[in-house]
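There are 2 protein chains.
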Amino acid sequence: MATLSEENYLKAIWKLAPDPDAGVSTGEIAAEVKTSAASVTDMLKKLAARKLITYQPYHGVSLTVQGQRLAADVVRRHRLWEVFLHEKLGFGWEEVHDIAEQLEHIHSEALTDRLDRFLGFPKTDPHGDRIPDKTGKISGPSAVPLSVFNDGEYGIISGVINHAPSFLLFLEKHGLKPGAAIEMKERMEFDDSMNIRVNGKKTMTLSRDASSSILVIRKGKKQNRKS
Amino acid sequence: MATLSEENYLKAIWKLAPDPDAGVSTGEIAAEVKTSAASVTDMLKKLAARKLITYQPYHGVSLTVQGQRLAADVVRRHRLWEVFLHEKLGFGWEEVHDIAEQLEHIHSEALTDRLDRFLGFPKTDPHGDRIPDKTGKISGPSAVPLSVFNDGEYGIISGVINHAPSFLLFLEKHGLKPGAAIEMKERMEFDDSMNIRVNGKKTMTLSRDASSSILVIRKGKKQNRKS
DNA sequence: TTTTATTTTTAGTCTCATCTAAATATTTAT
DNA sequence: ATAAATATTTAGATGAGACTAAAAATAAAA
Chain A
189 MATLSEENYL KAIWKLAPDP DAGVSTGEIA AEVKTSAASV TDMLKKLAAR
239 KLITYQPYHG VSLTVQGQRL AADVVRRHRL WEVFLHEKLG FGWEEVHDIA
289 EQLEHIHSEA LTDRLDRFLG FPKTDPHGDR IPDKTGKISG PSAVPLSVFN
339 DGEYGIISGV INHAPSFLLF LEKHGLKPGA AIEMKERMEF DDSMNIRVNG
389 KKTMTLSRDA SSSILVIRKG KKQNRKS
Chain B
189 MATLSEENYL KAIWKLAPDP DAGVSTGEIA AEVKTSAASV TDMLKKLAAR
239 KLITYQPYHG VSLTVQGQRL AADVVRRHRL WEVFLHEKLG FGWEEVHDIA
289 EQLEHIHSEA LTDRLDRFLG FPKTDPHGDR IPDKTGKISG PSAVPLSVFN
339 DGEYGIISGV INHAPSFLLF LEKHGLKPGA AIEMKERMEF DDSMNIRVNG
389 KKTMTLSRDA SSSILVIRKG KKQNRKS
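Residue numbers (our numbering), protein chains in the order written: chain A, 189 to 415; chain B, 189 to 415.
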């Protein structure tokens with residue numbers, strides 16, 4: 189059984205590169221877990237000794253199948269608890285992350301399974317992130333950042349990348365939640381901001397930073413009447 | 189904020205002597221947290237430095253008001269989670285303890301409060317133990333071990349002292365759960381076992397060990413018809 | 001292709017919570 | 001009341017996990 193710290197490192201690596209092949213650098217991990225590069229090196233050695241990652245000094249790491257499994261378990265627990273906090277206890281979606289950060293380290297397979305059932309086997313958490321199943325697999329349609337949309341494209345918000353509470357409150361205020369329909373009207377060349385229509389109603393402007401933090405499932409492209 | 193270990197020690201002291209006056213010995217604590225007496229001494233010094241206990245070397249410790257508060261918080265969280273696990277997730281009352289042992293260390297006042305509300309502000313956990321309120325206070329009628337009952341006395345089971353799963357399963361099997369009505373028919377002098385009637389129906393025999401682990405709220409004494 | 005800059009690793013400390021063995025206090029028994 | 005038994009505390013060590021400062025390796029720039 190992995191310690192709390194080990195789990196946090198595994199989760200960080202998973203987040204940076206869920207696939208067992210892609211490599212992640214020491215620095216990226218340090219930034220993700222908010223610690224020094226030296227501490228990361230220490231931990232990487234330990235995880236490598238436990239065969240949870242493959243580690244080539246100076247050339248980054250990647251998860252082994254076993255490490256991937258453990259990391260996905262942590263993420264699964266995290267997201268299930270987020271659903272619980274939001275749906276059952278009524279927490280706002282910007283509040284659930286920090287508490288789930290603690291709950292994700294509770295070790296009890298029976299608890300995770302029963303929680304999953306109690307929640308009705310949810311597919312995504314309140315932010316739209318997909319919940320790995322018992323085997324660590326993630327299913328469902330994959331999403332792209334809204335920032336890649338071309339003029340006239342439309343789709344459904346499936347999640348967000350940036351989980352900062354202030355950003356989430358901004359989204360909340362404008363109805364930009366998972367499930368909302370988005371139509372990308374027009375992109376401004378000079379600053380990459382875009383005009384969008386939300387749920388067929390109000391239109392608004394999103395900065396490049398905002399649009400690249402919103403994940404959307406492509407649904408098609410509205411024909412331009414002028415063409 | 190107390191660490192996980194500190195919380196476990198505070199909880200242990202609370203369990204052995206909830207009142208701030210009564211003293212608890214190093215050895216008792218060592219047995220309760222399953223560690224060596226030397227380790228206990230180390231921790232007692234730390235807790236004393238933090239003014240959570242008053243510690244007189246060689247003469248035991250007691251909780252300060254502040255320590256009592258923290259300990260009661262841990263117990264409150266533990267018992268609320270037990271209710272959640274039993275009532276919402278369907279765990280058996282003999283399974284909930286170990287999981288709650290982990291959940292009790294989640295720090296979030298908002299979470300505890302909302303959980304409390306979600307559960308309908310329960311007064312007791314599945315074992316019948318009373319749940320401290322937000323201020324650390326415990327209310328409700330106090331109970332005595334069934335073993336002190338005299339012939340003809342009757343009462344209501346309110347909880348158990350021994351939480352061993354095997355004992356809980358034994359109680360479960362005989363309907364000896366919190367809320368059950370018990371009448372003590374007759375005590376056997378030679379081994380302190382007793383014959384009891386459960387919920388006005390079946391009668392059975394309890395050993396001294398069993399009857400002293402069952403807590404009962406006194407309701408009165410049935411008049412002996414022969415007298 | 002050297003030099004410079006950046007990233008990563010090593011070396012040496014620190015705190016927390018634990019341990020064992022030895023020393024000291026306290027309690028119990030003779 | 002003194003000796004024996006028991007309980008508690010001190011001393012010294014260990015393993016996690018983190019840190020800073022210095023050394024080494026890699027990447028970028030001239």
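Backbone N, C-alpha and C fix where the C-beta goes; we use that ideal spot for every residue, glycine too. Here the structure is a predicted model, which is why all the values come from computation and not from measurement.
Just to check, is the beta-carbon of residue i closer than 7 Å to a non-hydrogen atom of the ligand ZN?
i: Ser-330 (chain B); result: No copy of the ligand ZN occurs in the structure displayed, which carries no ligand at all.
Using 8 Å as the threshold, is the C-beta distance between residue i and residue j below it?
i: Gly-248 (chain B); j: Ser-213 (chain B); result: yes
i: Val-386 (chain A); j: His-362 (chain A); result: yes
i: Leu-356 (chain A); j: Trp-281 (chain A); result: yes
i: Asp-339 (chain B); j: Met-392 (chain B); result: no
i: Ile-319 (chain A); j: Lys-325 (chain A); result: no
i: Ser-250 (chain A); j: Gly-211 (chain A); result: yes
i: Ala-369 (chain B); j: Gly-388 (chain B); result: yes
Could you check which residue in the options has the C-alpha nearest to that of residue i?
i: Glu-360 (chain A); options: A:Ile-345, A:Tyr-243, A:Lys-373 and A:Met-372; result: A:Ile-345
i: Ala-236 (chain B); options: B:Val-284, B:Met-376 and B:Ile-201; result: B:Ile-201
i: Ala-134 (chain A); options: A:Asn-387, A:Met-382 and A:Leu-303; result: For chain A, the structure presents residues 189 to 415; residue 134 (chain A) sits outside this window and is missing.
i: Val-271 (chain B); options: B:Gly-308, B:Ala-219, B:Ser-327 and B:Leu-204; result: B:Gly-308
i: Val-253 (chain A); options: A:Ala-205, A:Trp-269, A:Thr-391 and A:Phe-378; result: A:Ala-205
i: Ala-190 (chain B); options: B:Arg-238, B:Gly-367, B:Gly-211 and B:Lys-322; result: B:Arg-238
i: Pro-314 (chain B); options: B:Asp-304, B:Lys-322 and B:His-285; result: B:His-285
i: Pro-366 (chain A); options: A:Asp-379, A:Ala-352, A:Leu-240 and A:Val-348; result: A:Val-348
i: Gln-256 (chain A); options: A:Glu-195, A:Thr-223, A:Arg-375 and A:Trp-269; result: A:Glu-195
i: Asp-144 (chain A); options: A:Arg-375, A:Lys-311, A:Asn-350 and A:Ile-241; result: The shown model of chain A, from 189 to 415, leaves out residue 144 (chain A), and the question about it has no answer.
i: Arg-305 (chain A); options: A:Asp-317, A:Asp-321 and A:Gly-316; result: A:Asp-321
i: Leu-364 (chain A); options: A:Glu-377, A:Gly-316, A:Met-376 and A:Tyr-246; result: A:Gly-316
i: Glu-374 (chain B); options: B:Ala-352, B:Glu-341 and B:Phe-358; result: B:Glu-341
i: Phe-279 (chain A); options: B:Ser-296, B:Glu-220 and B:Phe-279; result: B:Ser-296
i: Glu-283 (chain A); options: A:Asp-379, A:Ala-352 and A:Asp-380; result: A:Ala-352
If I follow the unbroken beta strand (DSSP E) through residue i, where does it start and stop?
i: Ala-369 (chain A); result: 369–375
i: Tyr-342 (chain A); result: 341–348
i: Tyr-243 (chain A); result: 241–243
i: Met-392 (chain A); result: 391–394
i: Ile-217 (chain A); result: From DSSP, Ile-217 (chain A) is part of no beta strand (DSSP E) but of the alpha helix (DSSP H) over 214–221.
i: Arg-385 (chain B); result: 382–386
i: Leu-403 (chain B); result: 402–409
Which stretch, first to last residue, makes up the alpha helix (DSSP H) that contains residue i?
i: Val-253 (chain B); result: 253–271
i: Asn-196 (chain B); result: 192–204
i: Asp-301 (chain A); result: 297–306
i: His-293 (chain B); result: Run containing His-293 (chain B): none; DSSP gives neither H nor E here.
i: Leu-357 (chain B); result: 353–361
i: Asp-230 (chain B); result: 225–237
Mind reading off the beta-carbon distance from residue i to residue j? Whole number of angstroms is fine, and I expect it under 8 Å.
i: Ala-298 (chain A); j: Leu-403 (chain A); result: That pair is no contact at about 32 Å.
i: Lys-390 (chain B); j: Gly-343 (chain B); result: Actually they do not touch by this definition, with Cβ atoms about 17 Å apart.
i: Ile-288 (chain B); j: Leu-198 (chain B); result: As written in the sequence, residue 288 (chain B) is Ala, which differs from the Ile given in the question. The Cβ separation is near 16 Å, so there is no contact.
i: Leu-291 (chain A); j: Ile-294 (chain B); result: 6 Å
i: Thr-300 (chain A); j: Leu-268 (chain A); result: 7 Å
i: Ile-405 (chain B); j: Pro-329 (chain B); result: 5 Å
i: Ser-401 (chain B); j: Asn-350 (chain B); result: 4 Å
If contact is defined by three or more beta carbon pairs under 8 Å, each pair taking one atom from either stretch, is the segment 217–235 of chain A in contact with the segment 275–292 of chain A?
no
Would you be able to state if there are at least three C-beta pairs under 8 Å between the segment 258–269 of chain B and the segment 217–230 of chain B?
no
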